[in-house]
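Residue numbers (my numbering): 74 to 727.
Even glycine gets a Cβ: it sits at the ideal position worked out from N, Cα and C.
Taking it in order: structure first as structure tokens, then the write-up.
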């Protein structure tokens, strides 16, 4: 038991944070700043603070270094072979059961428990990395074999169509959506398709899984260079496998995901340049960095613009760093000399030059919208959700408590706890982290964006993915501190690691196709069965050949049409009195009954509304509307004067 007199100021801080969190939540509730269910969900912060205090105080004394019999056994390659076998078996079981929930709910916590024990036993680097690689790779393959056609936010379908257009035309100018200026992603997926003989969709997803699995060894090398400590580097590799955005974008693979991997490689090269000991090695790394920058320029646009914000925080941390260790600003100037940071400066200059030549449609649109909002010229109203005969579940304290018990809630608590432990550790043993201080502080400052916040920020997930690249550093520090506890108090850290590792695969983001793992409410469709995808394709072929006017449909169908020769040009409007369109044809899908449906990708306020429709109203409209074509769950309605008020008024009345 810890005596009161032995507590230091940082220990008192760890004990005070849960109290402050509780008082803050109570004050927000008293002043009705947020609805009570929202504040109950925000209670994950209080739980995280309690867990963090327990982990931090339990690890005040470092492990004595003695390796017990079980830990000694687990530190060898035999334990990793068991992890590899379990992960492989879980993939096979998921494919046979057509569900990955049970296999990975069992295997992942056990696997991370083994890894935690290996880290405590100081197992060799290859032994730990092999197990981590399997623990990251297997759930992604499990998702691939159980989802039919998975498209996430729908960009996958657009990129499949783009690669097919590239093959058909034979030159990059055929790439749509402005990607003729940034073709590296499509060249990579196209190359995988050509060499493997796989369909474009399968090649795209498997390329993403393979590319994102490389972050495990890359992060290890980066952290080993930054920290100069192989144990901290291994906990950094653990950290990257439990970050949901890395797991999510391994399957939902698109240009920003590839650009982020390349950015991580560039950070690794830049770190090696920073500590390069000989001129020959420095020159070789410099040439590689310049070649990598040239590739990155043609890969994506928004990723690097967003990372500029991260770099700005890192620059501030680098300026402050010498002051924290007894230096002055002249030390910061020596640290940031051109020789050490030239990849970032050269890369930024090349990117700006290329954007001047070929401005990105996305970047220009974001700048225009942001400037309009800041200058009070443009307003961005909140989108509406219309329920046509469907009763949406009302938010309540009970549902909020249920959310805390879901994998998403467990993930938020675990992630927040480890980040808090990292903060306490930096305050407690600052001198130990003189090397790696800049990136650790940068990640800690920005990591707040990775936990649930009660304010909706449009497109924040793109910024969160970039922040993930630096969040591994404070997570490495926090995990290392927690796992360094003596044997009699280490169980809590192992349980937190196992829970966090198991929960990551089943958060609402990563397991967006599994409604059973979070509170039941309609969500947007993220995957199609092979039969439904085939039906959309046959509908497109029919429409292209026989329809004598434009057709309208929802966002998912329009994206799927991009993999065909047909394009539905009609505009679908979601209004309080029902769906409307001027197009004489409307492509409807049966999955509209189970999901939140958005009409378009447009940024126009009128197009931001979405809807859900009850089975009764869907069946009534389907029985009375003229159908000119039906293919499984897809049908084409015909209305000579378009459609107005389809599915009736917003509300639950039948």
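- When DSSP states are grouped into helix, strand and coil, residue 173 belongs to the coil group.
- Just so you know, the alpha carbons of residue 681 and residue 603 end up roughly 29 Å apart.
- Distance from the Cα of residue 663 is smallest, within the candidate group 693, 644, 350, for 693.
- Bounds of any alpha helix (DSSP H) do not take in residue 709; it lies within the beta strand (DSSP E) bounded by 707-711.
- Within the DSSP bridge table, the entry for residue 658 names 624, 711 as partners.
- Straight across, the Cα-Cα distance linking residue 384 with residue 537 is about 14 Å.
- Here the region 308-316 lies against the region 544-554, with 3 or more beta-carbon pairs under 8 Å apart.
- Residue 382 is classed as exposed because its beta carbon has fewer than 16 other beta carbons within 10 Å across all chains shown.
- Under a 10 Å Cβ-count criterion, residue 281 is classified as buried, with 16 or more other Cβ atoms of the shown protein chains found around its own Cβ.
- Here the alpha carbon of residue 93 sits roughly 11 Å from the alpha carbon of residue 118.
- Under the DSSP assignment, residue 718 falls in the beta strand (DSSP E) whose first and last residues are 716-719.
- DSSP places residue 537 within a helical segment (H, G or I) once states are collapsed to three.
- In the displayed model, residue 359 falls within a helix according to three-state DSSP.
- Relative to residue 408, the option among 206, 133, 95, 347 whose CA is nearest is 347.
- Within the region 98-136, the runs of alpha helix (DSSP H) that reach at least 4 residues and sit entirely inside it are, in chain order, 109-114, 117-131.
- Fewer than three pairs of CB atoms, one per stretch, sit closer than 8 Å, so the region 204-214 makes no contact with the region 264-277.
- DSSP places residue 703 in the uninterrupted beta strand (DSSP E) bounded by 700-704.
- Taking all protein chains shown into account, residue 116 has 16 or more neighbouring C-beta atoms within 10 Å of its C-beta and is therefore buried.
- The count of Cβ pairs closer than 8 Å, one atom from the region 707-720 and one from the region 650-663, reaches three, so the stretches are in contact.
- Measuring C-alpha to C-alpha distances from residue 164 to each of 151, 153, 181, 661 identifies 181 as the nearest.
- Residue burial annotation: residue 227 is buried, with at least 16 other C-beta atoms found within 10 angstroms of its C-beta.
- Boundaries of the beta strand (DSSP E) harbouring residue 461: 458-461, taken from the DSSP string.
- In the three-state DSSP reduction, residue 232 falls in the helix class (H, G or I).
- The Cβ-Cβ distance between residue 308 and residue 523 does not fall below 8 Å.
- A distance below 7 Å between beta-carbons, with the five flanking residues on each side excluded, links residue 683 to the following residues of its chain, in chain order: 456, 458, 647, 669, 670, 671.
- Each residue's CA atom was taken as its position, placing residue 504 and residue 354 some 29 Å apart.
- Here the alpha carbon of residue 374 sits roughly 18 Å from the alpha carbon of residue 325.
- The bridge partners DSSP lists for residue 90 come to none.
- Taking a contact as a CB-CB distance under 8 Å, the pair residue 427 and residue 370 counts as one, their CB atoms being some 5 Å apart.
- When rounded, the separation of the alpha-carbon atoms in residue 328 and residue 170 is 32 Å.
- For residue 304, the uninterrupted alpha helix (DSSP H) run begins and ends at 303-314, by DSSP.
- Three or more pairs of CB atoms, one per stretch, sit closer than 8 Å, so the region 123-133 contacts the region 557-568.
- For residue 663, no alpha helix (DSSP H) encloses it, and the DSSP letter there is neither H nor E.
- Per the coordinates, the alpha-carbon of residue 666 lies some 30 Å from the alpha-carbon of residue 272.
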